[in-house]
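Protein chains in written order, with my numbering: chain A, 1148 to 1657; chain B, 7 to 282. Cβ atoms here follow ideal geometry from the backbone N, Cα and C, with glycine treated the same way. The structure displayed is predicted, hence computed values, not measured ones. See below for the structure under consideration.
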């Protein structure tokens, strides 16, 4: 997410100010509605925009907030608003726990089932919710008109500023990794479950707050407040405005509130136009209208500095030795790893060689926790790490770079730099030299030497046997998942079994 | 059985697109609406209308594929979700504008009245639904398992890149799958439309049922989706007979949440990618 520039900040403050000073009550009511939908949308951006999870319960949780105010305002007055926030957030916490592990399509279904359940309660629990007639006559003690307008927009501006500050800064990169490359995020020590929980609960709290305000504007709450059309409105307005632009939710909400007024003669057709516009934006401007406006204004994203390997590496604390003991792994009937045992010390560089399909990448995946070993143990000093999730293994001190990344604007250099920056004691590098130029190979060799000097332990998989021989203290050769040789590079290269399995093939080909 | 047709079309589109088609429920409604309109205009008997509606919705499926699914093939599945949600909203609003929000009745397939089978009186429409449904399911099974076209469709759903690499025109098969899915949705809409009326807002409900059937039966599994759909049908019938509609729906949603929490791979496992 880009930071909020002066242009947008001015719009954000001027809109409610103009509405307060100039507009008639009807216009002020529209301004309040824009603020309400934008607030719901900002919460939605957290889950959908930042983490890419399709949450379909935001509309229903908005309705929960509205009902919470409608039912408790006569007794509690303004205190019913924080209660609305808590009610929505609490439902999110209770339901979210088991859902956060789910893949996107199941997460969407689970939130849809939750939303349907809430809607069902709103319609059928007549003794509490008043059924289809809804609840009315609760708003007498609550602020309305200009005061409500000011409150809503102050909440909205605070939410937008906080979110823009966080995601343009420290939380932006982890969120991008979680969204676009969950494996890289996990091996970088980012706990996706906790992030999603935090985002989902915060987003739901904002939905509850928005729902509370909407109840205060209209003075009536009916089951429609929990219905799927509200959800669709929220989703489409965020997509239309820009799911990851700080102003996306506001722009989307403005269109959603103003369009029906402009197209009043066309009756229901405005929703048709709105949905069609959303489809067009998804197809041709996936970053949304706010980003489109930024482009017309000539705002450039700050170009990312081209990544370089770090020159000064500091010593890091952490475990001293990585130990594999008889690690095995089967895929179906194929034994990918058979009783692999070795040790890696700090300050040691070990190369892993073997023909294609000999289990090199599988071994890295098993150490990093992306695959579970079927047998054997992996320990850091005394600590077993073989049943930990990837992010916990990363935090215990094992970093990882990947063979090829599908991450936009990312290079292998930045991937390796990122792994090093986690401060891991041990680094697993998967084919760092594949496709590299001679110059890049020299850089890489220098980096490996610095890693050794800084007391990091390094395990490298690569096909460049010359590079490995120059840079590694030891080589390990895998053949069909088993270690067939381990020792100094010269010894391993001279080993007849190695020559037969790997080098022989390559020399014959050369 | 009509749920099974809805779910069958849904899972076909799902496998082809690699993402949920949120517009599927609205294609079902569109099928019902097409049946209503065609019935009013032409007055043709049900068995003649049925293929016409299927054909029309097949075309609608192709449009959906061209507009909202193929252009987004290289983007994350969430993009397709959003695009098809927008498409669903467009169909729903389009229908509301053109035919109004009031429910309509689609023409019957075989005429009203009852037939007597083995001494038990059965409504003609339910019997017709079961027969047509069973025939279509059998036909789909034959197509998917016994023909080259079906094998290729399964190859596309199992691994799109690999299918492309071995020379299957992936886009054409995605469009074909969506056309079939649309035709099935149209027939389901026709059959449901006589018994349960047709209203523009029903789409989300149909979609949710199909989604649940597929999730419970195992993501991407065709027999799983059918079992899931039949299971939902039986569950709703018996539970709502015992405690009423609202409680039956509530119980269904709670079961879904419980299944997702306890067995995220579905009740019968997730066969995608593991089919030989």
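In summary, residue 1476 (chain A) is buried, with 16 or more beta-carbon neighbours lying within 10 Å of its beta-carbon over all protein chains present. The straight-line gap separating the alpha-carbon atoms of residue 1471 (chain A) and residue 1389 (chain A) is approximately 48 Å. When Cβ-Cβ separations below 8 Å define contact, residue 1246 (chain A) makes contact with chain B. Around the beta-carbon of residue 1153 (chain A), fewer than 16 other beta-carbon atoms lie within 10 Å, marking it exposed. Annotation for residue 212 (chain B): 12, 31, 34 place their beta carbon closer than 6 Å to its own, counting only its chain and skipping 5 residues before and after.
With a threshold of 8 Å between beta carbons, residue 1560 (chain A) makes no contact with chain B. It is roughly 20 Å from the alpha-carbon of residue 1602 (chain A) to the alpha-carbon of residue 1589 (chain A). Put simply, the CB of residue 9 (chain B) is far from chain A, with every gap to its CB atoms at 8 Å or more. Contact annotation: the region 1505-1517 of chain A touches the region 1330-1343 of chain A, with at least three C-beta pairs closer than 8 Å. For the region 1250-1284 of chain A, the set of positions with a beta-carbon nearer than 8 Å to some beta-carbon of chain B reads 1250, 1251, 1252, 1253, 1255, 1256, 1257, 1259, 1260, 1261, 1263, 1264, 1267, 1268, 1270, 1271 in chain order. Excluding sequence positions up to five before and after residue 10 (chain B), its CB lies within less than 7 Å of the CB of 139, 143, 232, 235, 236, all in the same chain and listed in chain order. A distance below 6 Å between beta-carbons, with the five flanking residues on each side excluded, links residue 1546 (chain A) to the following residues of its chain, in chain order: 1566, 1569, 1571, 1574.
Only exposed fits residue 1158 (chain A), as fewer than 16 other CB atoms lie within 10 angstroms of its CB. DSSP places residue 1619 (chain A) outside any alpha helix (DSSP H), giving it a letter other than H or E.
By the criterion of at least three beta-carbon pairs nearer than 8 Å, the region 84-92 of chain B is not in contact with the region 175-191 of chain B. Within 9 Å of the CB of residue 1225 (chain A), no CB atom of chain B is found; the nearest one sits about 33 Å away. In this structure residue 1354 (chain A) is in contact with residue 1190 (chain A), their Cβ atoms being roughly 5 Å apart against a cut-off of 8 Å.
Rounded to the nearest angstrom, the gap between the Cα atoms of residue 206 (chain B) and residue 1541 (chain A) is 51 Å. When rounded, the separation of the alpha-carbon atoms in residue 1446 (chain A) and residue 1440 (chain A) is 9 Å. Secondary structure note for residue 1558 (chain A): it is in no beta strand (DSSP E), with a DSSP letter that is neither H nor E.
Straight-line measurement puts the Cα of residue 1543 (chain A) at about 23 Å from the Cα of residue 1596 (chain A).
Cβ-Cβ separation between residue 260 (chain B) and residue 242 (chain B): approximately 14 Å, too far for a contact (criterion under 8 Å). Check the Cα spacing between residue 1465 (chain A) and each of A:1443, A:1483, A:1493, A:1274: the tightest is with A:1493. Listed along the chain, the chain A residues whose CB falls inside 9 Å of the CB of residue 83 (chain B) are 1201, 1251, 1252.
Annotated as distal: residue 40 (chain B) and residue 184 (chain B), with beta-carbon spacing of 8 Å or more. Residue nearest to residue 1404 (chain A) within the set A:1423, A:1381, A:1393, A:1391 is A:1381 (criterion: CA-CA distance). Per DSSP, the continuous alpha helix (DSSP H) segment holding residue 1429 (chain A) begins and ends at 1416-1431. Using a C-beta cut-off of 8 Å, the region 1174-1182 of chain A makes contact with the region 1298-1307 of chain A, since at least three inter-stretch Cβ pairs fall below that distance.
Residue-level contact by beta carbon holds for residue 1375 (chain A) and chain B, with a gap shorter than 8 Å. The region 1291-1332 of chain A is shown to contain whole alpha helix (DSSP H) runs of 4 or more residues at 1292-1315, 1319-1327, in chain order. Among the residues facing chain A, residue 74 (chain B) is included, as its CB has a counterpart in that chain under 8 Å away. Residue 75 (chain B) sits in a helix when the DSSP states are folded into three classes. For a Cβ distance threshold of 8 Å, residue set 1415, 1416, 1418, 1419, 1422 of chain A lies close to residue 99 (chain B), ordered along the chain. Counting only runs of 3+ residues, the beta strand (DSSP E) found wholly inside the region 1555-1596 of chain A occupies 1573-1577, in chain order.
In the DSSP assignment, residue 1391 (chain A) falls outside any beta strand (DSSP E) and carries neither an H nor an E. Within the DSSP secondary-structure output, residue 1478 (chain A) pairs in a beta bridge with A:1481.
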